[in-house]
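One structure below.
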Amino acid sequence: MKNFFVIVNEDANDGQGKKNWQLVRQKLTERQVSYTYQLTNNNAKDLAYSFVKKTATSELTKTVILVVGGDGTLNETLNGIKAAKLDYDIPLAFIPSGNNNGFAQGIGISFDPLTALEQVLTTDKASYFDIGFFEETTHNQTGYFLNDFGIGIDAYIVSLNAHATHHKYLQKFHLGIFSYIWNVFEAYVNQEAFNVTVRIGSKYEFYKHAFLVNVANHPYFKKNIALSPVANAGDHKLDLIIADNMNFFKFLLLSILIYFRKQLKLPSVHHYKEKDIHLIINSLEFGQIDGQEQGNKYYDIFFKASKYPFWFTALTPTDSQEKSA
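Residue 1430 is where the sequence shown starts when you use our numbering, and the numbers rise one by one after that.
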């Protein structure tokens, strides 16, 4: 059995991470699993990087890094491992404990912490799933994402959710959906249309009134909300969706069709599925990566599909999933 280095975000989803970790830790001890752990204080990237750099190669080859937290913690951990620039990738395991849990939904990890742990402990080889890589030349930034990279109204909504003072209060009473709906329409009112240049291969496309630009690795922007309904974390491609010319009625229709996963039927929604995508946006727009706000930026950004090993047995494995010993 593998050794586990566990990165725990106890604050995830208003303390759900702490509750899940208590259950997982007890089960790891009962099963006599070899593990060490560290708690993250918004520094999961640094924890992962430091662990990889300080651990001998002979030990790393026998190690799985297990994340107990939300999609943001998993993203930071992935980027910390990648920043260490090893010759190989250390498998990642995940106990979803966040509010969104889009990645778990997209690749088949249970939302129940003990079931998810069982998926991890009964695994004997890594499963490869797609991840996204981006290189933003304007700000000399590179990184990886598991769910999506959004620019425009979806990123605006993420920013509003992150700063809404009423959001946590409503969440305690399981009324977070009302806060989310309010933020969606506030974002629509304030989001201005912007120009987007799309280059795929040698072909260029131009959109003059974009509201939403989203590059996705799998369908789920948020648990049960499939922003890119035909995206697949096993097809080795990324899905680009651009919503253009969105008046109020088109936006309302788009919101309804997203619920039924029929948004690609709208003429104002443009869809690409490619391994390499280049976007240019010459106006300051909100950005988000895996549900984490990135502020306002200009963008000259390249995207590429990559892959990474994950240590679990999927609840609903896809035919396109790659596996390795």
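Every residue gets a Cβ at the ideal spot worked out from N, C-alpha and C, and that includes glycine.
Bear in mind the structure is a predicted one, so any value in this text is a computation, not a measurement.
Per-residue burial, residue i [other beta carbons within 10 Å of its own, 16 or more giving buried]
{"i": "residue 1444", "result": "exposed"}
{"i": "residue 1641", "result": "buried"}
{"i": "residue 1470", "result": "exposed"}
{"i": "residue 1635", "result": "exposed"}
{"i": "residue 1548", "result": "buried"}
{"i": "residue 1725", "result": "exposed"}
{"i": "residue 1648", "result": "buried"}
{"i": "residue 1554", "result": "exposed"}
{"i": "residue 1618", "result": "exposed"}
{"i": "residue 1531", "result": "buried"}
{"i": "residue 1697", "result": "buried"}
{"i": "residue 1565", "result": "buried"}
{"i": "residue 1591", "result": "exposed"}
{"i": "residue 1485", "result": "exposed"}
{"i": "residue 1544", "result": "exposed"}
{"i": "residue 1685", "result": "exposed"}
{"i": "residue 1610", "result": "exposed"}
{"i": "residue 1674", "result": "exposed"}
{"i": "residue 1657", "result": "buried"}
{"i": "residue 1630", "result": "exposed"}
Per DSSP, cross-strand counterpart(s) of residue i
{"i": "residue 1448", "result": "Partner(s): none; residue 1448 has no beta bridge."}
{"i": "residue 1569", "result": "Answer by DSSP bridge pairing: none, since residue 1569 is not bridged."}
{"i": "residue 1708", "result": "1627, 1730"}
{"i": "residue 1561", "result": "1574, 1734"}
{"i": "residue 1435", "result": "1466, 1495"}
{"i": "residue 1724", "result": "1716"}
{"i": "residue 1672", "result": "1641, 1698"}
Coil, strand or helix - residue i by DSSP
{"i": "residue 1581", "result": "strand"}
{"i": "residue 1659", "result": "coil"}
{"i": "residue 1647", "result": "coil"}
{"i": "residue 1462", "result": "coil"}
{"i": "residue 1654", "result": "strand"}
{"i": "residue 1684", "result": "helix"}
{"i": "residue 1638", "result": "strand"}
{"i": "residue 1667", "result": "strand"}
{"i": "residue 1523", "result": "strand"}
{"i": "residue 1748", "result": "Its pLDDT being 35, under 50, residue 1748 is placed unreliably in this model, and the value from its coordinates should be taken loosely. Residue 1748: coil per DSSP, three-state reduction."}
{"i": "residue 1633", "result": "strand"}
{"i": "residue 1739", "result": "strand"}
{"i": "residue 1556", "result": "strand"}
{"i": "residue 1442", "result": "helix"}
{"i": "residue 1689", "result": "coil"}
{"i": "residue 1620", "result": "coil"}
{"i": "residue 1528", "result": "coil"}
{"i": "residue 1754", "result": "Confidence at residue 1754 is low in this model, with a pLDDT of 33, below 50, so the placement of that residue should be treated as unreliable; the coordinate-derived value is given next. Coil at residue 1754, not helix or strand."}
{"i": "residue 1515", "result": "coil"}
{"i": "residue 1588", "result": "helix"}
{"i": "residue 1539", "result": "coil"}
Start-to-end residues for the alpha helix (DSSP H) that takes in residue i
{"i": "residue 1482", "result": "1473 to 1483"}
{"i": "residue 1702", "result": "That residue, residue 1702, is in no alpha helix (DSSP H); its beta strand (DSSP E) goes 1698 to 1703."}
{"i": "residue 1510", "result": "1500 to 1512"}
{"i": "residue 1545", "result": "1542 to 1550"}
{"i": "residue 1487", "result": "1486 to 1489"}
{"i": "residue 1536", "result": "1531 to 1536"}
Own chain, CB closer than 7 angstroms to residue i, minus 5 neighbours either side, in chain order
{"i": "residue 1666", "result": "1702, 1703, 1704, 1734"}
{"i": "residue 1491", "result": "1431, 1432"}
{"i": "residue 1468", "result": "1437, 1439"}
{"i": "residue 1746", "result": "With a pLDDT of 42 at residue 1746, under the threshold of 50, the modelled position of this residue cannot be trusted; read the value that follows with caution. Taken in chain order, the residues that qualify are 1537."}
{"i": "residue 1620", "result": "1581, 1582, 1585, 1640"}
{"i": "residue 1616", "result": "1582, 1585, 1586, 1589"}
{"i": "residue 1637", "result": "1624"}
Contact set for residue i: own chain, Cβ-Cβ below 6 angstroms, skip 5 residues either direction
{"i": "residue 1521", "result": "1494, 1739"}
{"i": "residue 1507", "result": "1573"}
{"i": "residue 1712", "result": "1623"}
{"i": "residue 1542", "result": "1449, 1452, 1453, 1524"}
{"i": "residue 1669", "result": "1644, 1701, 1706"}
{"i": "residue 1567", "result": "1727, 1729"}
{"i": "residue 1496", "result": "1436, 1502, 1503, 1506, 1523"}
{"i": "residue 1579", "result": "1643, 1717"}
{"i": "residue 1562", "result": "1573, 1733, 1735"}
{"i": "residue 1513", "result": "1478, 1481, 1482"}
Close beta carbons around residue i, own chain, < 8 angstroms, minus the five adjacent residues each side
{"i": "residue 1488", "result": "1432"}
{"i": "residue 1584", "result": "1714, 1715, 1716, 1717, 1722, 1723"}
{"i": "residue 1464", "result": "1432, 1433, 1434, 1435, 1457, 1495"}
{"i": "residue 1510", "result": "1477, 1478, 1481, 1494, 1518, 1519, 1521"}
{"i": "residue 1653", "result": "1534"}
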